[in-house]
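Each residue of the sequence shown is one higher than the one before, counting from 239 in our numbering. Ideal Cβ positions, reconstructed from N, Cα and C, are used throughout, including at glycine. I have placed the structure first, in the form of structure tokens, so that the comments after it can refer back to it.
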Amino acid sequence: MASSFSLSEKEDPGLVPSSSFPRHPPDPAVDERFINSLQAQGRGHALVAADTRCLLLHLAARTNRPAIASLLATQGSNLETTNAAGRTPLSVAAGSGHAAVVSALLDAGADVGVKGKHGRMPLWWAARNGHAEAVQTLLDARGIDCESPDASGRTVLAAAAANGHAGALKALLTEKSRVEINAEDPQGRTALSWAAGGGHADAVAVLLKMGADAEIQDVHGRTALHWAAAGGHQGAMAKLRSFGADVESADLDGRTALSWAAGNGHTAAVELALAEAGIDANAQDNRGRTPLSWAAEGGHRVVVKALIGWAKKQESDKERKLKRYKRSTPLEFALNIGAKKHVASTLVEYGLDVDLPDNEDRTPLSWAAGSGNKAVAATLIEHGAEVEAEDINDRTPLWWAAANGHGAMVEMLLEQDGVDPQRQDNNGETALSRAQYRGSADIVRLLGGAEADQPEAAGDTNYDGLLWWTVKEGHGAAAELLLRRCRSLLR
């Protein structure tokens, strides 16, 4: 006697079966007995209640029982009934890869083009799940539209490509007259772009061999190679390059495949790109940033080493190499994000100038001080960074540390030889005045103590203005410290 199960209401709300159904796996003998029982129950006419027939048809589609599906389909079952997910029996069978059930349902007149939720037809599900035989069975049906996209605009071909199903792609591309290999979705992405972005090298190879265009750019200007590199998929990158994909192609932000690989920390992809003859690994994007600056910002030390090693092999003239980073140095981006001491150490150990300024003449130490990155600042000072370097507004690292409220950084800088706490910027403001405006009592205390060691400079400080500002802004602790300082000067 065959064991049986009933589909729960959770699986198909409102469709609770009145009959049992054979368990997995399909067994022709068991299925035949079940069919006989249905025929006996229906006395050769309407087998069972309509809702039960619909449920049984879905079960047959899901569990790969073509004989049961055929019987139900030819005895008045609604072939277009949908389950809780909005899918028909044909969609369920196609998505499960049950080609024999697909064939039986098509023979009975099931609608090959019906779409469920999200606009996905049976062929989309078969392709998306990589069922090549089911794909081919559906392609053989009359009236099928191979190009009909889902609600997101993704075609059947793109669905197969995005999931790396080379077999399904081959089946679809045997119908090249009905399938546009370079069709773009609303984001401008093609099947090749989706395959490359997912790292599916075999799918990439199938598409390229069948004529996919590797240079099509999406709405962001990114090619398939950009997507492969950004994901660190060196296998897909290698396939694309073997078919001539342009490694120097830039997206709308001016970023190359190497820039994306470096920024995301994909060492193997970076090394693959650097192996290309003639590649410009110092190419700047629209913001003046190089792959090295992106790698440094991300804290990707191994990638940083690879890029600097490449640069050393290409040029022996250090100054010629470094001038490329003038506008926005890699150290700036290493320091402006957070504590990346290991990246800063790597950069300076490889010979990059620790005092190389950006386009506002801010040095790496200025950026480290301004962001409170004490560990990196210490590394830079250890390697000889100029502690009193001024930017375009005559502001020193100490000024930036005080202005941004980084007390530990202020304390460390004050311990360095040559640091002048009374140095003014081009607006006449000092580190103390900026700390006072901010209301940073601890920093005011630190800088006030430093000023006491330089009494000759005390007359340059606008104490009236500072006191007025701190009171106005409600910085009570800072105002109290300032009053104490004024009293000490009047004694």
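Can you tell me whether residue i is buried or exposed, with buried defined as 16 or more other CB within 10 angstroms of its CB?
i	result
alanine 513	exposed
proline 424	exposed
histidine 471	buried
leucine 410	buried
leucine 463	buried
leucine 490	exposed
histidine 458	exposed
histidine 356	exposed
glutamine 552	exposed
alanine 434	buried
arginine 358	buried
aspartate 345	exposed
isoleucine 630	exposed
lysine 564	With a pLDDT of only 45 at lysine 564, under 50, the local geometry of the prediction cannot be trusted, and no value is derived from it.
glutamate 535	buried
aspartate 383	exposed
alanine 515	exposed
glutamine 692	Caution is warranted here: a pLDDT of 44 is assigned to glutamine 692, below 50, making its placement in the model unreliable, and the coordinate value is therefore given only provisionally. Glutamine 692 comes out exposed.
glutamate 598	exposed
valine 581	buried
arginine 380	exposed
glycine 314	exposed
aspartate 388	buried
leucine 704	With a pLDDT of 49 at leucine 704, under the threshold of 50, the modelled position of this residue cannot be trusted, and the question is left open.
aspartate 372	Per the sequence presented here, residue 372 reads as alanine, with aspartate not at that position. It is buried - the Cβ of alanine 372 has at least 16 other Cβ atoms within 10 Å.
serine 480	exposed
arginine 633	buried
So residue i and residue j are in contact, right, with Cβ under 8 Å, and what is the actual spacing, rounded?
i	j	result
alanine 439	leucine 446	Alanine 439 to leucine 446, Cβ: 10 Å. No contact.
leucine 310	leucine 294	6 Å
alanine 337	threonine 375	5 Å
aspartate 456	glycine 426	3 Å
valine 648	isoleucine 681	5 Å
alanine 500	tryptophan 532	5 Å
glutamate 450	alanine 429	Glutamate is not the amino acid found at residue 450; the sequence shown has alanine there. Between alanine 429 and alanine 450 the Cβ distance is about 7 Å, and since that is below 8 Å, they are a contact.
glycine 323	alanine 370	The sequence given here has alanine at residue 323, not glycine. Alanine 323 to alanine 370, Cβ: 23 Å. No contact.
alanine 506	alanine 467	Contact flag wrong, Cβ pair sits at about 11 Å.
Which residues mark the beginning and the end of the alpha helix (DSSP H) in which residue i is found?
i	result
proline 424	Where proline 424 is concerned, there is no enclosing alpha helix (DSSP H), given that its DSSP letter is neither H nor E.
methionine 647	645–652
valine 442	439–447
glutamine 552	539–552
proline 602	602–608
aspartate 345	337–345
histidine 464	462–468
glycine 473	472–480
leucine 309	304–312
lysine 408	404–411
glutamine 674	669–676
leucine 590	Segment: none, leucine 590 is in no alpha helix (DSSP H) and carries neither H nor E.
glutamate 735	Here the chain has residues from 239 to 729 only, and residue 735 is not among them.
glycine 459	Looking at the DSSP string, glycine 459 is not in any alpha helix (DSSP H), and its letter there is neither H nor E.
leucine 618	612–620
glycine 435	429–435
leucine 490	Taken as a continuous stretch (DSSP letters only), leucine 490 belongs to no alpha helix (DSSP H), as it is neither H nor E.
serine 390	Per DSSP, serine 390 belongs to no alpha helix (DSSP H) and is neither H nor E.
serine 531	529–536
alanine 495	495–501
arginine 366	360–366
alanine 639	635–641
>> Does the structure place the region 501–512 close enough to the region 474–492 that three or more beta carbon pairs sit under 8 Å?
In response: yes
> Pairing CB atoms from the region 654–661 with CB atoms from the region 604–614, are three or more of them under 8 Å?
Replying inline: no
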